[in-house]
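Written below as structure tokens is the structure these notes are about.
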Amino acid sequence: MLEEVEATTHKIIIGDSRKMEEVDDESVHLVVTSPPYPMIEIWDEQFRKMDSRIDDLWAKLDTIGGTSEKNRIVQKIYDLMHENLAGVWKECYRVLVDGGIACINIGDATRKVNGLFRLFPNHARVIEHCERIGFVTLPYILWKKPTTKPKYKGKGAFLGSGMLPPNAYVTLDCEFILIFRKGEPRKFPPHDPMRYASKYTKEERDRWFTQIWDIVGTRQTLPEVERRVAAFPEEIPYRLIRMFSIIGDTVLDPFVGTGTTMKVAMQLNRNSIGYEIDKNLLPVIKDKIGVSQSRLDMDFRVEIIERPTVQEFRAV
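Every position in the sequence shown, counted from 1, becomes a number in the numbering used here once 2 is added.
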């Protein structure tokens, strides 16, 4: 019989998740996150702030001639963007327990650079880096967003002119939810009460464990963050947390944004940790998870850590 669930704890850290010094080794059971997408224009500024080398290369791109040299610089920028994300994936591997799962929502990018339209396959790069770190790659999910139409260029809208072949491009209306595991599958004692209390229904299993999810994306309604924070519908972390963790586990989101993953983890009686580099989002996160409200329906504790400075870390 399941005993009364203890109060959950939730830690908000304003700082760079490439160094998660506030999180102990092997203390997290599940990672659910959606990072900034390399080579999508709305996240260019964030990557430039993350690494001065990226900023320098973008500035250099505007001052040189020659297509081959420009293409080389663009490729280097792309490589550095993923190198910086890999620093986060390395930290996720460190803090995950053996058998812990990491779910990473990432979209590919299309962009016209130096007059040439091309695809930047972000999902493939994330897989490459995570496998190099030591993760085991599991079957991924394709998230089809049927009615959303992003405001940024090159994603989700027809790319071409009229009805004439052959120079149009396939629409990118799916994103990837990549799933990785640290080592062997997680082990539990026989008849573990928390595990049995966390079970899903047959209908949920049949709907969730399919490769294509039709879930409408959510428009960000906060004008001050609309240009930088992707709107992550609650249904995504809800499914992933139910699928890959049990009651009382700890869920980490290293790019917590407005706090959606933490909110859902709290509702599902999981502990949570969220990293956000933009301190201006702290009031939004606090409001979303109910820090500023009286929540008589839930028993939880929240800790907020604000690092004094934001440092630049280089991925190794």
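For every residue, glycine included, the Cβ atom is placed at its ideal position computed from N, Cα and C.
If you draw a straight line from the Cα of residue 214 to the Cα of residue 82, it comes to about 30 Å. Annotation: the continuous alpha helix (DSSP H) that includes residue 54 extends over 54-63. The three-state secondary structure of residue 262, taken from DSSP, is helix.
Between the alpha carbons of residue 21 and residue 206 lies a distance of about 36 Å. Taken through DSSP and simplified to helix, strand or coil, residue 73 comes out as helix. Distance check between residue 194 and each of 234, 248, 60, 260 places 248 closest, using alpha-carbon atoms only. In the DSSP assignment, residue 125 falls within the alpha helix (DSSP H) that extends over 124-135. When the Cα atoms are used, residue 9 and residue 58 turn out to be separated by approximately 47 Å.
Remark: C-beta atoms of residue 183 and residue 101 approach each other more closely than 8 Å.
In the structure shown, residue 286 falls within a helical segment according to DSSP collapsed to helix, strand and coil.
Comparing alpha-carbon positions, the option among 255, 253, 121 lying closest to residue 113 turns out to be 121. Going by DSSP, residue 145 is part of the beta strand (DSSP E) stretching over 138-146. As a beta-bridge residue in DSSP terms, residue 178 pairs with 108, 144.
Linking residue 128 to residue 84 through their CA atoms gives a straight-line distance of about 7 Å. With distances taken between CA atoms, residue 216 lies nearest to 175 out of 175, 140, 15. Between residue 97 and residue 255, the C-beta spacing is not below 8 Å. Counting other Cβ atoms within 10 Å of its Cβ, residue 40 reaches 16 or more and is therefore classed as buried. Boundaries of the beta strand (DSSP E) harbouring residue 277: 273-278, taken from the DSSP string. When Cβ pairs closer than 8 Å are counted between the two stretches, the stretch 132-146 is seen not to touch the stretch 64-71, the count staying below three. Restricted to the stretch 25-49, the beta strand (DSSP E) segments that are unbroken, complete and at least 3 residues in length are 30-35, listed in chain order. If you ignore the 5 residues before and after residue 27, its C-beta comes within less than 7 Å of the C-beta of 96, 97, all in its own chain and listed in chain order. Rounded to whole angstroms, the separation of the alpha carbons of residue 266 and residue 287 is 12 Å. In the three-state reduction of the DSSP assignment, residue 89 falls in the helix class, which pools H, G and I. Residue 107 is positioned such that its CB atom lies closer than 8 Å to that of residue 179.
Rounded to the nearest whole angstrom, the C-alpha separation of residue 280 and residue 116 is 31 Å.
Residue 90 is positioned such that its CB atom lies no closer than 8 Å to that of residue 31. Measuring C-alpha to C-alpha distances from residue 111 to each of 290, 131, 171, 42 identifies 42 as the nearest. In the DSSP assignment, residue 204 falls within the alpha helix (DSSP H) that extends over 204-210. Pairing residue 177 with residue 16 gives a Cβ-Cβ distance that is not under 8 Å. Look at residue 23 here: in three-state DSSP terms it is coil, with no helix or strand label. Under the three-state reduction of DSSP output, residue 189 falls in the coil class, being neither helix nor strand. Each of 168, 54, 209 was checked against the Cα of residue 145, and the nearest Cα belongs to 209. In the displayed model, residue 114 falls within a strand according to three-state DSSP.
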